[in-house]
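Each number in my numbering corresponds to the 1-based position in the sequence shown with 647 added.
Working notes, structure below.
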Amino acid sequence: MNNNDVLTNRLMYICVVVSAGILTYHDAVNAGLFSLDDREILLNIQSTERSLKSLFFSGGGMYFRPLIALSYKLDLSLFGKAPVAIHLVNILIHLVNGLLVYYLTLELMRDSGRKDKYAFIASLLFVLHPLNSEAVVWIAARTDLLCCLFFLLTVILLVKKENDPDLFALAGMFLMFLFSLFAKEASIGLLAIAPIYFWLRKDAVPLKNAVLINSSLFLAGAVYMVLRSGRIGVVDRGTARVLSFIEPSTSTIGDFISAYGFYLGKLFYPFPLNFAIVDINKALSIAVLALVLPLCAVLFYRNERLRLPLLILLTGIVPPIMALLGKLAWTPYAERYLYLPMVGFSISAAIVLLTYGRKIPYIVIVAAVMLLAIPTISRVVLWTDPVALWRDAAEKSPQFHRAHVGLAVALIEEQEYEEAKEHLDTAAAMGFKRDYLWQNYAAMYYAKKEYEKYEKFMLKAAAVSKKSTKFYLGIIGSLEHIYPGKGERYTRYRRAIRYYLMAYEKDPAYIQGLYNAGKLYWIMGDEKNARLYLNKFVQQERDNMYKPFAVKILKKLDKESLVKQ
648 MNNNDVLTNR LMYICVVVSA GILTYHDAVN AGLFSLDDRE ILLNIQSTER SLKSLFFSGG
708 GMYFRPLIAL SYKLDLSLFG KAPVAIHLVN ILIHLVNGLL VYYLTLELMR DSGRKDKYAF
768 IASLLFVLHP LNSEAVVWIA ARTDLLCCLF FLLTVILLVK KENDPDLFAL AGMFLMFLFS
828 LFAKEASIGL LAIAPIYFWL RKDAVPLKNA VLINSSLFLA GAVYMVLRSG RIGVVDRGTA
888 RVLSFIEPST STIGDFISAY GFYLGKLFYP FPLNFAIVDI NKALSIAVLA LVLPLCAVLF
948 YRNERLRLPL LILLTGIVPP IMALLGKLAW TPYAERYLYL PMVGFSISAA IVLLTYGRKI
1008 PYIVIVAAVM LLAIPTISRV VLWTDPVALW RDAAEKSPQF HRAHVGLAVA LIEEQEYEEA
1068 KEHLDTAAAM GFKRDYLWQN YAAMYYAKKE YEKYEKFMLK AAAVSKKSTK FYLGIIGSLE
1128 HIYPGKGERY TRYRRAIRYY LMAYEKDPAY IQGLYNAGKL YWIMGDEKNA RLYLNKFVQQ
1188 ERDNMYKPFA VKILKKLDKE SLVKQ
């Protein structure tokens, strides 16, 4: 086959992969903004001024993912809050990742005359596999997409340049791996994958090359950890929490083994698909591990081409399990966590099918992979209907309170208040008493114009929240609806003063509450209280843009007092 024929075949394969991906995910543009995380993330990005310095050099707290923040800022600057365009970006990244899987497989199978067929199956499997649907359709899961994108670029450079690691290639690997970590820490496993890979290839790759490549990766990892900590030697809160929660014990080891088996089993058989997986069959998961791990070991030993993809698969499962053991995620087991391990699974599956299944007609393998589009399309369509999605999650995980709250939120938006209340009550009965629950009770009663109950639940939310000020300000912003008309103006003022002072009492950093209370007292003609709170405000050490205005009001009060005398 000449070069033109090879190029034609590759273009055909690429067109099929891209077309299949577009047809499978085209409905995702109708998914809107998911009530969980999507809206809050975009609102937070839009309402705060973030500099590059604050993103990269101030430490990341629980999650240090500056690349994601930059990605969302770019979305908002180009498209505003248009969810269609933001979903299109997610789909585009997923398709690019599929094509990078194609290219990586070509590199791994470079000595095979059937390398394009291997690459096509691997790429198609990655793009269409239903487990990837959550990462693609949920805007907030872009972190997994971008992490995988730069991880793939790093690995491609590693494989392509293993015998010629020039300065440009080493710099590229350093940057790509750093960007992957900036998107999500899940790719940290590459620091284990690369040394093992080069040790296995010590006869084919000079030691000097292996040292140079590993050094660039470890340097990127070191830079990442320093930036993530905010200060050299300080462990970020996310890592610290994992370390504090994980205690070596028989129970912890059992949880690790069962979770590992569960994730392995999900890759081979992803059904039932569920957004909120909180419990697993541990005995079955351990049995799956006992069956699959020896099989992987045999394949790893017998087929050199399978070693890197199997390393990616088996190592990529570890970070989500650490998050599970550290109790970081609100869903202990999530399908989106398998997006990066899916790279290794897709390539491994393609190699196994075409190497050991030679008696199976190629067209049958292609058709079987194409059939995966059916459950994926079904899942995508489900995501476009929040009520149906949350109802599905609540039915599959009835013991999970957050699924009931999510369904209630979707039902409130559809004005199905009675059913929404039933699910909120169910979550409360399960012991879920966080601000998110009370906030949605409040939203329901506000929509029903039952304002007394609205205030009651907003205050309950503020009482348990670490960010209580937003709830007090929410009530204040609603006072015009609760007490309409000019005749109730002073009632609004008095209640607003009460909530401003409650906000300040709960959070002393919110000194603007003192200013707002003092200003309203001034408007109401209560000179004594106006002076009291404006003076308290001015005397605060914290800077605030309203201090000059407070000083002006106090001077006016002084002049008025002199005139009266």
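The beta-carbon is built from N, C-alpha and C at its ideal position, and this holds for glycine as well.
9 Å Cβ cutoff met for residue i and residue j
i	j	result
residue 943	residue 955	no
residue 945	residue 911	no
residue 1082	residue 1118	yes
residue 939	residue 915	yes
residue 748	residue 769	yes
residue 826	residue 714	yes
residue 1098	residue 1129	yes
residue 1064	residue 1096	no
residue 1058	residue 1070	yes
residue 994	residue 968	no
residue 780	residue 672	yes
residue 1033	residue 1052	no
residue 1144	residue 1167	yes
residue 921	residue 1044	yes
residue 998	residue 949	no
Backbone secondary structure at residue i - three-state DSSP
i	result
residue 1147	helix
residue 1201	helix
residue 1158	coil
residue 916	coil
residue 924	strand
residue 986	coil
residue 1130	coil
residue 665	helix
residue 852	coil
residue 1064	helix
residue 879	Legend: pLDDT at residue 879 = 48, less than 50; position of this residue unreliable, no value from coordinates given.
residue 710	coil
residue 1119	helix
residue 890	Its pLDDT being 48, under 50, residue 890 is placed unreliably by the model, and nothing is read from it.
residue 1092	helix
residue 980	strand
residue 652	helix
residue 950	coil
For residue j and residue i, believed in contact at Cβ under 8 Å, the rounded distance
i	j	result
residue 791	residue 1028	That belief does not hold up - the Cβ atoms of residue 791 and residue 1028 are roughly 21 Å apart, past 8 Å.
residue 1031	residue 677	4 Å
residue 842	residue 861	6 Å
residue 741	residue 786	Incorrect: roughly 13 Å between the Cβ atoms, too far for contact.
residue 980	residue 924	4 Å
residue 679	residue 730	5 Å
residue 1016	residue 771	5 Å
residue 778	residue 913	6 Å
residue 1107	residue 1085	4 Å
Counted within 10 angstroms of its Cβ, other Cβ atoms place residue i as buried (16 or more) or exposed
i	result
residue 846	exposed
residue 744	buried
residue 1127	exposed
residue 1074	buried
residue 1170	exposed
residue 819	buried
residue 1114	exposed
residue 1160	buried
residue 978	buried
residue 682	buried
residue 1177	buried
residue 928	exposed
residue 757	exposed
residue 1062	exposed
residue 1046	exposed
residue 829	buried
residue 957	buried
residue 620	The displayed coordinates of the chain run from 648 to 1212. Any statement about residue 620 would go beyond what the structure contains.
residue 982	buried
residue 1010	exposed
Minimum Cβ-Cβ distance from residue i to chain D less than 9 Å
i	result
residue 1071	Of the protein chains in the structure, only one exists, and it is not chain D.
The stretch 798-813 / the stretch 840-853 touching (three or more Cβ pairs under 8 Å):
yes
Closer than 8 Å is the cut-off here; do at least three beta carbon pairs connect the stretch 828-848 with the stretch 781-797?
Under the 8 Å Cβ criterion, the stretch 828-848 counts as touching the stretch 781-797, having at least three qualifying pairs.
Are there three or more Cβ pairs, one per stretch, closer than 8 Å when the stretch 1001-1019 is compared with the stretch 984-991?
no
Report yes or no: do the stretch 752-770 and the stretch 651-662 share at least 3 C-beta pairs separated by less than 8 Å?
The stretch 752-770 makes contact with the stretch 651-662, as at least three CB pairs between them are under 8 Å.
Does the structure place the stretch 1145-1154 close enough to the stretch 1194-1210 that three or more beta carbon pairs sit under 8 Å?
no
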